[in-house]
Ligand SMILES: *Cc1c(COP(=O)(O)O)cnc(C)c1O
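Structure (structure tokens):
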């Protein structure tokens, strides 16, 4: 009963949805459709009967497969997880200005590495150096591919073949295989652990200093917290020790924020400015965590030290792309007015969103769903907590509102899978047999898309 490939190709010519799909793609999809049906038949798959093998059904299967081939792999999704800086979902959505600047710079030539005033070769690092210095108070700055790259580059520049002293309480693993000890060894520096997991004192660093010491390093704990009987050494104390012993000092801030979250009722996270004012040689942080910009690694600090970093041949391998640079410059400029930054940078807006606003969004979506739902759909508004994510502020509770969805006759697992495979995909979580969507990370213009996805699911359930 299975059709031949030629037959499928002929049918494709009369199928408007498949117009413009290249012939080699159609041939491959035709083969794959027939092959998968053939193996289902051989497996005696109970779901494959005469109906599945009807000409119309096979053609539909083929058209769906070919259609999938024409959708791009990288797609926008709706983040209903409530994790604001979600590394798996692309971390920080960009501010409109940043997006516009990417388009403005990337569809034509630019002065990326051209000094317009002198008419000579310029440096791509100049694009964001001034603004980074202005905002953070540092003497010099540069941006590279990401913060992991920034840490690698700085360690390699300052401490290749030398010892780097780090507290045992700060040997962080970020996930995605970034671990301080591993990055350290790849940079050519030698890790020298001091102190204990919960307590490290200044004297621990002091007694570890010897002729082989190249750097004193402080690393932000990012995604964990040590509570109880604890002691850690501040970057200020470390800088003071470095000065006395003639050693450079660096802090890897991880997220690195440019606004004081305690003003928004959140846990105080030391800002990049706090760190810079303590006087270390280098401070590194991410562009796409709490900053809310594009993926980038930002390095700020002393001019002399940054000059050495810029000369390291590794910078070439870690260099930032012009599209990133465009987005980064626009994002950083928003910080000249912190109130505006909080309003326009999506990550900051979502983190500081008042509960009433989230509640209103959840209510609105509930209304839309009630409009399309039938007796099978049950919807509840639930008080739950969102998370900052991105390895930042792990202890911060962000009170939020979720919709809990249940559809009679469909398990929560199936509901989750269907929403995830919807277009656009809607990503949520399962809790107590309900599919949960957190409205802190859902934007206003996504509410109707969610309702449509649920609507399609109910339709399908009828068939
Ligand atoms: C996240 C993080 C990094 C890595 O930053 P990316 O921008 O993801 O490369 C490095 N160090 C710390 C402490 C971090 O939290």
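Residue numbers (our numbering): 117 to 579. In this text, a Cβ means the ideal position worked out from N, Cα and C, and glycines have one as well. None of these values were measured; they are calculated from a predicted model.
8 Å contact criterion, which residue 415 and residue 300 should meet: CB distance rounded: Incorrect: roughly 17 Å between the Cβ atoms, too far for contact.
Sorted by chain position, which residues of the same chain lie with C-beta nearer than 7 Å to residue 449's C-beta, five sequence neighbours on each side aside? 247
Could you pull out every unbroken alpha helix (DSSP H) segment of at least 4 residues lying fully inside the region 345-405, listed in chain order? 351-361 and 388-393
Reference residue 410, options 427, 437 and 546, closest by Cα: 437
Where the beta strand (DSSP E) containing residue 312 begins and where it ends: Run containing residue 312: none; DSSP gives neither H nor E here.
In DSSP terms, what residue 334 is bridged to: 367
Since residue 494 sits in a beta bridge, which residues does DSSP pair it with? 522
If residue 181 and residue 145 are in contact, beta carbons under 8 Å, what's the gap, nearest whole angstrom? 5 Å
Sequence-distant residues of the same chain with beta carbon closer than 8 Å to residue 255, five excluded per side: 249, 417, 418, 419 and 422
Give a single yes or no on whether residue 204 has its beta carbon closer than 7 Å to a heavy atom of ligand 1. no
DSSP beta-bridge partners for residue 259? 414
Through-space distance from residue 168 to residue 176, alpha-carbon basis: 10 Å
Alpha-carbon spacing of residue 579 relative to residue 126, whole angstroms: Confidence at residue 579 is low in this model, with a pLDDT of 49, below 50, so its placement is unreliable and the value that follows should be read with caution. If I take the Cα positions, the gap works out to 29 Å.
Mind checking whether the beta-carbon of residue 405 lies closer than 7 Å to any heavy atom of ligand 1? yes
Collapsed DSSP secondary structure at residue 289 in the structure displayed: strand
Since residue 371 and residue 405 are thought to touch, with beta carbons under 8 Å apart, how far apart are those beta carbons, to the nearest angstrom? 4 Å
Is the beta carbon of residue 294 within less than 7 Å of some heavy atom of ligand 1? yes
Just to confirm the assignment, what range does the alpha helix (DSSP H) spanning residue 283 have? Where residue 283 is concerned, there is no enclosing alpha helix (DSSP H), although the beta strand (DSSP E) it sits in stretches over 279-283.
In chain order, which continuous runs of the alpha helix (DSSP H) of length 4 or greater are located wholly inside the region 523-553? 528-536
Using a Cβ-based criterion (distance less than 7 Å to any ligand heavy atom), does residue 264 qualify as near ligand 1? yes
Going by CA-CA distance only, name the one from 483, 530, 557 and 263 that's closest to residue 567. 483
Taking only heavy atoms of ligand 1 into account, decide whether any of them is closer than 7 Å to the Cβ of residue 505. no
Could you tell me which of 446, 273 and 184 sits nearest to residue 213, measuring between CA atoms? 446
What does the Cβ neighbour count give for residue 385, buried or exposed, with the cut at 16 atoms within 10 Å? buried
Whole-number beta carbon distance between residue 279 and residue 243, since they are thought to touch under 8 Å: Going by Cβ atoms, the distance from residue 243 to residue 279 rounds to 35 Å, so no, they are not a contact pair.
Mapping DSSP to helix, strand and coil, what is residue 123? helix
Work out the CA separation of residue 120 and residue 440 for me, nearest whole Å. 48 Å
Which residue's Cα is closest to the Cα of residue 388: 400, 349 and 378? 400
Around the C-beta of residue 229, are 16 or more other C-beta atoms found within 10 angstroms, so that it is buried, or is it exposed? exposed
Close beta carbons around residue 273, own chain, < 6 Å, minus the five adjacent residues each side: 424, 425 and 428
The alpha helix (DSSP H) enclosing residue 141, as first and last residue numbers: 139-158
Report all residues from its chain with a CB closer than 6 Å to the CB of residue 156; omit the five preceding and five following residues, and keep chain order. 164
If you reduce the DSSP assignment to three classes, tell me which class residue 222 lands in. helix
Could you spell out where the beta strand (DSSP E) holding residue 201 opens and where it closes? 199-201
Reduced DSSP category for residue 329 - H, G, I as helix; E, B as strand; rest coil: strand
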